[in-house]
Every structure is written in structure tokens, then in C-alpha cells.
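Structure first, commentary second.
Numbering (the numbering used here), first residue to last: 204 to 493.
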């Protein structure tokens, strides 16, 4: 059996993918809202160890259609390191339809466009990247480590390479103080990138983080469902990302939304208006999960 180091996370759409850790942890690991990799120190795993995991998977499974390269920032591997892994996957799993990974903006920006082009040519089909917010002030407060312009530039490099781009952002991350700036800025950043997929989560605390401690100490206000709905409505009213698949149906969200922009934008806005009018019930706090 493949042995994983620590907790392993993957996007919802990778539920049936083979998951192999190309790296351990997150290269940044300093975002104040995130607890995902706090117990790990980031490192790139040795090629022979990763290949051994793939060898074991080949013995275990007759068919592997999808592969997700974990942990939080597999793209931080050097381009030649990632290229060798992708070539090994292609030889070992000729039936594999797609390979994907998380990629931080930093891990993308340290690569040349030619290197990203090469990785796509070797089978890297999609990158999941966190925008979190389109407000530089929100990004600064949560210690994201990049500016909005840097994140947008990274996303556009992924798309230029021919890979699909899936971007996540977080409702409520700017609190009520920066809610409108957060919503409008996020809409504008997404409109600039026009990713194939947009995932809107809602801020939620489970394990302790610096932002959770701020909330417990009264230094950070957690927005209520009605306030989150208003913020999300503002985001949707300002976004122009024709063709992007928009999802806010994660377990953290108070109101489930799903559609394709810009075609279904008004229908999603109307559902939020109904929630604000009390005609659609918000998800109970007890059933929210990350």
C-alpha cells in the first residue's frame, strides 16, 4: 500500500483520482486562515520514492484514469523534476486521461512559459490555484505572500501553456470591513483570468489558525450568512468570465450555487436574492464543513 505522510488534501473533483505525494506540505504554509499543512515541513520528495509509489499503484490497480499530484504545492518541484515524473506516469499508466496538481502562484512564477508549455505537453492537464481574494489588502492581512497582479499573472501563464485553470476564492475572508472591496476585487481578478473553473468557499474554522485566534480574541469578525450572501451577490454582479464554470456548492457554503458564467449568472444572483428574502434556507452552521 502507498503510505502517505500526514493529512492529505485534494480538490473535490479529484475524489476518484490516484493521489501520490510529489511534495510534502505547502511551500508557503503561512496563510493565517489555513490549517491544512501546519504539521508538516515542506520538502520535495526524492524521485525514486515517488516512482516507487507509482510502481505500487500499478500493481494495485488495473486501470488508473486520473492522477492528482499532492501535497499543497507539487508545482514547486523543479521543471526537470516534474517533467521526469510526468514521463514516468505516461510510460506506467498509458490509459491515464489526466494529471493535475495544486500550484501556488509562486511555484508557477518561478518557471518560464516554455517550462510550463513543456509540462503541459508531457501530460499536466490542470492546475488548482488559490486566489483567495482580489483585494491586495485582504491578501496582505492573511499573509498570502503574493499580490493580486502576481496571482493573475500566474493564472494566465497556466492558461497560455494550454492547461486548464481552477481557481478558488473565499467568501468572508475580508470580514465586514473589507467585504465590498474583497467581492469586487475578486470578481475583477477572476474576470482577468477567466479560469475554466471557479470554486467559491466560505471562511470556516476547524483547527486552530492565527486568524481563528484573532476571531476568538475579538479582533476578527466572522460574517453571518446574510452578510456572506450579500457579498457573494456583489461578486457575481461584477464578474465577467464567459465560459467559466462557477461552483459555490462546497460544504462550507451557506447557499449552494452552480452554473456557467455568464449564462447562469442572473439565475445564481436570483437564488441569493431569494435567500436574502428568506425564501431559500441557509445551510445550518452545524452542517458546515471544510
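Heads up, the beta-carbon is just placed ideally off N, CA and C, and yes, glycines get one too.
Alpha-carbon spacing of residue i relative to residue j, whole angstroms
| i | j | result |
| --- | --- | --- |
| residue 419 | residue 408 | 11 angstroms |
| residue 267 | residue 221 | 7 angstroms |
| residue 351 | residue 470 | 28 angstroms |
| residue 286 | residue 456 | 37 angstroms |
| residue 310 | residue 437 | 31 angstroms |
| residue 463 | residue 440 | 14 angstroms |
| residue 488 | residue 250 | 43 angstroms |
| residue 446 | residue 452 | 18 angstroms |
| residue 412 | residue 317 | 38 angstroms |
| residue 289 | residue 210 | 24 angstroms |
| residue 379 | residue 329 | 33 angstroms |
| residue 492 | residue 415 | 15 angstroms |
| residue 475 | residue 382 | 16 angstroms |
| residue 404 | residue 393 | 14 angstroms |
| residue 252 | residue 422 | 44 angstroms |
| residue 449 | residue 443 | 12 angstroms |
| residue 368 | residue 306 | 10 angstroms |
| residue 247 | residue 478 | 45 angstroms |
| residue 495 | residue 375 | Nothing in the structure corresponds to residue 495, since the chain is present only between 204 and 493. |
| residue 482 | residue 401 | 26 angstroms |
| residue 472 | residue 480 | 12 angstroms |
Selection from the options that minimises the alpha carbon distance to residue i
| i | options | result |
| --- | --- | --- |
| residue 213 | 240, 234, 425 | 240 |
| residue 366 | 320, 232, 314 | 320 |
| residue 314 | 234, 249, 282 | 282 |
| residue 410 | 219, 324, 238, 385 | 238 |
| residue 232 | 346, 399, 449 | 346 |
| residue 353 | 364, 332, 373, 344 | 332 |
| residue 254 | 293, 404, 304 | 293 |
| residue 304 | 278, 284, 473, 397 | 278 |
| residue 385 | 484, 428, 262, 337 | 337 |
| residue 398 | 467, 204, 358 | 358 |
| residue 291 | 258, 375, 280, 377 | 258 |
| residue 363 | 467, 425, 322 | 322 |
Coarse secondary structure for residue i, derived from DSSP in three states
| i | result |
| --- | --- |
| residue 304 | strand |
| residue 288 | helix |
| residue 460 | strand |
| residue 402 | strand |
| residue 249 | coil |
| residue 439 | helix |
| residue 257 | helix |
| residue 277 | helix |
| residue 423 | coil |
| residue 270 | strand |
| residue 227 | strand |
| residue 491 | coil |
| residue 311 | helix |
| residue 218 | coil |
Residue i - containing beta strand (DSSP E), residue span
| i | result |
| --- | --- |
| residue 449 | 448-451 |
| residue 335 | 327-335 |
| residue 372 | 367-374 |
| residue 361 | Here residue 361 belongs to no beta strand (DSSP E); instead the alpha helix (DSSP H) covers 351-363. |
| residue 483 | Premise fails: residue 483 is in no beta strand (DSSP E) and is neither H nor E. |
| residue 224 | 221-224 |
Counted within 10 angstroms of its Cβ, other Cβ atoms place residue i as buried (16 or more) or exposed
| i | result |
| --- | --- |
| residue 341 | buried |
| residue 371 | buried |
| residue 274 | buried |
| residue 224 | buried |
| residue 458 | buried |
| residue 219 | exposed |
| residue 264 | exposed |
| residue 297 | exposed |
| residue 461 | exposed |
| residue 326 | buried |
| residue 490 | exposed |
| residue 429 | exposed |
The ligand SAM heavy atom lying under 6 angstroms from the CB of residue i
| i | result |
| --- | --- |
| residue 265 | Annotation note on the ligand SAM: not contained in the displayed structure, which lists no ligands. |
Alpha helix (DSSP H) segment containing residue i, residue limits
| i | result |
| --- | --- |
| residue 344 | 339-344 |
| residue 387 | 382-396 |
| residue 470 | 468-479 |
| residue 414 | 413-419 |
| residue 410 | Unbroken run through residue 410: none, as it is neither H nor E. |
| residue 379 | Segment: none, residue 379 is in no alpha helix (DSSP H) and carries neither H nor E. |
| residue 321 | 316-324 |
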